[in-house]
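The numbering of the sequence shown is the numbering used here, which starts it at 1024 and goes up by one.
Quick reminder that beta carbons are idealized off the backbone N, C-alpha and C, glycines included.
Note that the structure is predicted; figures quoted are calculated from it, not measured.
One structure is given below, encoded as structure tokens.
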Amino acid sequence: DVWTEEDYKVHKRGIVSQFQDHFHESSILVFNFREGEEQSKLANILSEYDMTIMDYPRQYEGCPLLTMEMIHHFLRSCESWLSLGHQFCRVAVAH
């Protein structure tokens, strides 16, 4: 079966809704290895749900091994995000 654009959106929105139901009082940061120069389909959907999205450039898309510099940047960003305030839970997701 080939999914239409609308089927894809409905499916992804369902996943995001379930995720938010489970972490309903959380602030969520998504590290997105985007597709091309434009914002990815998933990033468009996530932005509708008040999630913070950090896009990484296309050159890392599908890359099985990231540079140490990129891994260090990713870990520092995660650490910074997770240590911000203690009012509610913080969740970091890599896509």
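Determine which residues share a DSSP beta bridge with methionine 1077 and list them. On the sequence shown, residue 1077 is found 54 positions in, with the first residue counted as 1. Beta-bridge pairing links methionine 1077 to Phe1054.
Tell me whether the beta-carbon of threonine 1075 lies closer than 9 Å to the beta-carbon of isoleucine 1094. Translated into the one-based positions of the sequence shown, residue 1075 becomes position 52. Translated into the one-based positions of the sequence shown, residue 1094 becomes position 71. For threonine 1075 and isoleucine 1094, no; Cβs fall outside 9 Å.
DSSP has arginine 1113 in a bridge; who is on the other side? By 1-based counting over the sequence shown, the position of residue 1113 is 90. Ser1050, per the DSSP bridge assignment.
If you compare alpha carbons, which of Tyr1072, Glu1071, Thr1090 and Leu1065 is closest to aspartate 1078? For this step, residue 1078 is matched to residue 55 along the sequence shown. Comparing Cα-Cα distances from aspartate 1078 to each of Tyr1072, Glu1071, Thr1090 and Leu1065, the minimum goes to Leu1065.
According to DSSP, is serine 1070 part of a helix, a strand, or is it coil? Along the sequence shown, one-based indexing puts residue 1070 at 47. Reduced to three states, the DSSP call for serine 1070 is helix.
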